[in-house]
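Residue numbering for the sequence shown follows the working numbering, starting at 133 and increasing by one per position.
Ideal placement from N, C-alpha and C gives every residue a C-beta, glycine not left out.
For clarity, every value in this text was computed on a predicted model and none was experimentally measured.
Remarks on the structure that follows.
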Amino acid sequence: MSPVLAGVLQLLALVAALALAYVPAGTYMARVYSSKRHLRVERWAYRAIGADPDTEMTWTAYLRGVLAFSVVGVLFLYLLMRLQGVLPGSLGFASVDPAQSFNTAVSFVTNTNWQSYYGEQTMGHVVQTAGLAVQNFLSAAVGMAVAVALVRGFARSRTGDLGNFWADLVRGTVRILVPAAAVAAVVLAACGVIQNFSGIHEVGQFMGGRQQWNGGAVASQEAIKELGTNGGGYFNANSAHPFENPTPFTNLFEIFLILVIPFSLTRTFGVLVGNVRQGLAILATMFTIWLGFVALMMWTEFAHHGPALQAAGGALEGKEVRFGVGSSSLFAVSTTLTSTGAVDSFHSSFTGLGGGLTLLSMMLGEIAPGGTGSGLYGMLILAVIAVFVAGLMVGRTPEYLGKKIGAREMKLAACYILITPALVLVLTAASVALPTPPHSTLNPGAHGFSEILYAFTSAANNNGSAFAGLNANTDWFNTTTALAMLLGRFLPMVFVLALAGSLAGQRPVPVTAGTLRTEKPLFTGLLVGAVLIITGLTYFPALALGPLAEGLAS
Numbered sequence: 133m134s135p136v137l138a139g140v141l142q143l144l145a146l147v148a149a150l151a152l153a154y155v156p157a158g159t160y161m162a163r164v165y166s167s168k169r170h171l172r173v174e175r176w177a178y179r180a181i182g183a184d185p186d187t188e189m190t191w192t193a194y195l196r197g198v199l200a201f202s203v204v205g206v207l208f209l210y211l212l213m214r215l216q217g218v219l220p221g222s223l224g225f226a227s228v229d230p231a232q233s234f235n236t237a238v239s240f241v242t243n244t245n246w247q248s249y250y251g252e253q254t255m256g257h258v259v260q261t262a263g264l265a266v267q268n269f270l271s272a273a274v275g276m277a278v279a280v281a282l283v284r285g286f287a288r289s290r291t292g293d294l295g296n297f298w299a300d301l302v303r304g305t306v307r308i309l310v311p312a313a314a315v316a317a318v319v320l321a322a323c324g325v326i327q328n329f330s331g332i333h334e335v336g337q338f339m340g341g342r343q344q345w346n347g348g349a350v351a352s353q354e355a356i357k358e359l360g361t362n363g364g365g366y367f368n369a370n371s372a373h374p375f376e377n378p379t380p381f382t383n384l385f386e387i388f389l390i391l392v393i394p395f396s397l398t399r400t401f402g403v404l405v406g407n408v409r410q411g412l413a414i415l416a417t418m419f420t421i422w423l424g425f426v427a428l429m430m431w432t433e434f435a436h437h438g439p440a441l442q443a444a445g446g447a448l449e450g451k452e453v454r455f456g457v458g459s460s461s462l463f464a465v466s467t468t469l470t471s472t473g474a475v476d477s478f479h480s481s482f483t484g485l486g487g488g489l490t491l492l493s494m495m496l497g498e499i500a501p502g503g504t505g506s507g508l509y510g511m512l513i514l515a516v517i518a519v520f521v522a523g524l525m526v527g528r529t530p531e532y533l534g535k536k537i538g539a540r541e542m543k544l545a546a547c548y549i550l551i552t553p554a555l556v557l558v559l560t561a562a563s564v565a566l567p568t569p570p571h572s573t574l575n576p577g578a579h580g581f582s583e584i585l586y587a588f589t590s591a592a593n594n595n596g597s598a599f600a601g602l603n604a605n606t607d608w609f610n611t612t613t614a615l616a617m618l619l620g621r622f623l624p625m626v627f628v629l630a631l632a633g634s635l636a637g638q639r640p641v642p643v644t645a646g647t648l649r650t651e652k653p654l655f656t657g658l659l660v661g662a663v664l665i666i667t668g669l670t671y672f673p674a675l676a677l678g679p680l681a682e683g684l685a686s
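Okay, structure coming up:
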C-alpha cells in the first residue's frame, strides 16, 4: 500500500468515527448542561467549595467564578512544584525553580500545557498526577463552561442570568470528562501505553552514557491530555514516545480523542438553542477548514521537491516511521487547529510550507474545531462578525439566532479577535529586537524567526506545542510566554461572557423575509471566508518573514 493511500484511508476512518460519535456525544452534553438534577458526588463537591449550584449568575458573577477558580489553581500547582523535593514519589527530582514553576502552573491552568522542561527528568509522580493531570480535567471543564454560558446567551431572552459556573464546572468534569477519559485510558493501556508508578530504571548504555527510563500513570494522563485538548506530554517526546503512543492505532485513536468533543459541541449548541441546523452550519464551517488544512498538509509533506524526499516517499525528517507522513500530517493539523499542542512529530522538521500551515492553524484562533469549549465560543464570535458584515452588505440591522448585533456586541467581538494577535505580534517583535532572546533559537534566518513566532502563537492561543528548535527555558521566555498564556486565555473569556450577558438581556427579534438564514450553506461559505480573510490580513506580514520565506527559498 502506498503511503498516500494509507494516509487517505486513515483520514476516512477518522471521519467515520467522528460522524458516529457526533449525535450521541453532542446530545448527551446538551442534557448534562441543561439538567436540573445533581448527582450525589456533585453535591459533595458543592459542599466542599461552598457553592449553591441552583443560584443563577450574571456574566460578571460567572466571570468572577472563572477567575477565582483559576487563580487558586495556579497557586496550588505552583506550590506543588516548588515543594516537589520534599514530597513522596518525587523520584529524587529537586523542586522546580520559581520561573519555570510559574510558567508551568500558568500553562496547565490555562489549558495550554506549554512545557519548557523534560517531563521525565523534571516532574515526579505526585506533581504529574495530583497536579498536572488534575488541571487537564479542570482547565478543559472551564472552557466548556464558558462556551455553554455563551450558548445560553443566545438561547435566553430578557434576563441577565447565564447559569451557574460551579454547576457547569462540576458537571462537565464528573459527567463528561472523567467517564470518557476512564474509557479512553483503558483502551490506551490495552494497546500498550504504560500505566504504573515505578521508579527510575537503568536500561543500558547509549552513546557512552547511561540510559534510564522512569514509569508513570501515562495512559490515564494521555487520555485526558487528548480528550481535554490539553497536550502536555509525560515524556519530552510527547506523543512521539512509544510509552505514550506505541502503535498506528493508538495514534489514530488519540487524534479521535482530540477532535471528538470540539466537533460534538456544535451539536450541543444546536440542541440548546433549539435548532440543530444552526449547529450543523457551525460544524460544516469547522469541518471545511479542518479538511482543507489536512489536504494541504499532506500535499506539502508528500509532494515536496528534492530527490531525497521523493526517494523516501515524503518529508520524513522529524517524523516517527511508525506513523509515516500521512498520519503525522493528520496529527499535526488536528493538534494545531485545536488547543491541544500534543505532537507525534516535530513541526520544526516539517517542510517550510508545512511548518507554516501549523502556524496558520493556530493563528486562525484554533476554531476548526478548536479546544474543548474555546473552539465553539471562538467560532460563534466569528459568526457574529460574519453576520454583521452580511448586514452591512444588504443594508439591514444584523441578527443572529434572533438577537440583534449592535454596536456593543461588535465592540466585544472586535476586542476578542484583536487581543490574541496583539499579544503574538508584540511579544515576537520584542523578542527579535532585544539582544538576548534570539540567542535561544537553534537556527538562523527565517526558520529562527519562525521558532520565536511559533512560541508566542502557541502560548497566546493556548495551544502549547513547540517548534522544537527554541530554548524556552530562560527567564525571558518563561515570563513572556506565561504572560501570553494568561492574557490569551482570560481576556477573551471576559469579552465572551460580556457578549453572552448582552445577548441574554435582549428581546428576541422575529424572523422576517430579510433575515439572513444562518443555517444555510451560503452562510457557511461566508463564515469560512471571514475566518480566512481576518487571519490573513492580521498575520500575513509575519508569515512572509518566516515560513513563507523559508518555503519559497527551499
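(Q) Our contact map puts A273 next to F297 with C-beta atoms below 8 Å; I'd like the distance itself, whole angstroms only. (A) No, A273 and F297 are not in contact; Cβ-Cβ is about 10 Å, not under 8 Å.
Q: Find the nearest neighbour of P673 within the set V310, V556, L654, F622, judged by alpha-carbon distance.
A: V556
Q: Please name the residue in T468, D186, P653, T568 whose C-alpha comes closest to that of A299.
A: D186
Q) Out of curiosity, what's the CA-to-CA distance linking A262 and R163? A) 30 Å
Q | Alpha-carbon spacing of A265 relative to E188, whole angstroms | A | 30 Å
**Q.** Length of the line joining the Cα atoms of A200 and N268
**A.** 17 Å
Q.
Please list the terminal residues of the continuous alpha helix (DSSP H) segment that includes H571.
A. Looking at the DSSP string, H571 is not in any alpha helix (DSSP H), and its letter there is neither H nor E.
Q. If you count every other CB in all the chains shown that lies within 10 Å of the CB of I181, and 16 or more means buried, which is it?
A. exposed
Q | Three-state secondary structure assigned by DSSP to K168 | A | coil
Q. Between E386, G331, V306, L301, which lies nearest to A130 when the distance is taken from Cα to Cα?
A. Coverage of the chain is limited to positions 133 through 686, which leaves residue 130 absent and any answer about it impossible.
Q: Would you list, in sequence order, the uninterrupted beta strand (DSSP E) runs of no fewer than 3 residues that lie entirely inside the segment 596-621?
A: none
Q. Taking the C-alpha atoms as reference points, what is the distance between L412 and V218?
A. 52 Å
Q: Take S330 and list the residues in its own chain whose beta-carbon comes closer than 6 Å to its own, dropping the five residues that flank it on each side.
A: G347
Q.
Buried or exposed for W176, going by 16 or more other Cβ atoms inside 10 Å?
A. exposed
Q: For P378, collect the residues of the same chain with a Cβ closer than 6 Å to its Cβ; drop the 5 residues on either side in sequence, then sort them by chain order.
A: G324
Q: Would you identify the three-state DSSP class for Y532, choosing helix, strand or coil?
A: strand
Q | Nearest neighbour of L161, chosen from L423, T192, A435, V283 [CA to CA] | A | Here the sequence assigns Met to residue 161, which means Leu is not the residue at that position. It is V283.
Q) On the three-state DSSP scale, how would you describe I332? A) strand
Q: Since I believe G363 is in contact with T467 (beta carbons under 8 Å), could you give me their beta-carbon distance rounded to a whole number of angstroms?
A: 7 Å
Q: Identify which residue in Y178, L384, V228 has its Cα closest to the Cα of V319.
A: L384
**Q.** T361 versus E174 - alpha carbon distance
**A.** 24 Å
Q | Distance CB(F419)-CB(G450) smaller than 8 Å | A | no
Q.
At 4 residues or longer, what runs of the alpha helix (DSSP H) sit wholly inside the segment 438-515?
A. 439-444, 456-469, 484-495
Q. On the three-state DSSP scale, how would you describe W246?
A. coil
(Q) Rounding to the nearest angstrom, what Cα-Cα distance links V315 and M213 in this structure? (A) 29 Å
Q. Taking the alpha-carbon positions, what's the V453 to S134 distance?
A. 14 Å
Q | Alpha-carbon spacing of P567 relative to W608, whole angstroms | A | 12 Å
(Q) So, with DSSP's three-state summary, where would you put A299? (A) helix
Q: For G205, collect the residues of the same chain with a Cβ closer than 7 Å to its Cβ; drop the 5 residues on either side in sequence, then sort them by chain order.
A: V241, Q267, L270
Q.
Out of I326, A153, I332, G406, which one is the CA nearest neighbour of R288?
A. G406
Q.
Any contact between the segment 502-519 and the segment 662-669? By contact I mean 3 or more CB pairs, one from each, below 8 Å.
A. yes
Q.
Output needed for A518: all residues of its chain with C-beta closer than 6 Å, excluding positions within five of it in sequence on either side, in chain order.
A. L658, L659, A662
Q) So, using beta-carbon positions, are W191 and A565 closer together than 8 Å? A) no
Q) In whole angstroms, what is the alpha-carbon distance linking A443 and L223? A) The pLDDT assigned to A443 is 49, lower than 50, so where the model puts this residue is not dependable, and the model offers no usable value.
(Q) Please classify L141 as buried or exposed, where buried requires at least 16 neighbouring CB atoms within 10 angstroms. (A) exposed
Q: Please say whether L294 and A636 have beta carbons closer to each other than 8 Å?
A: yes
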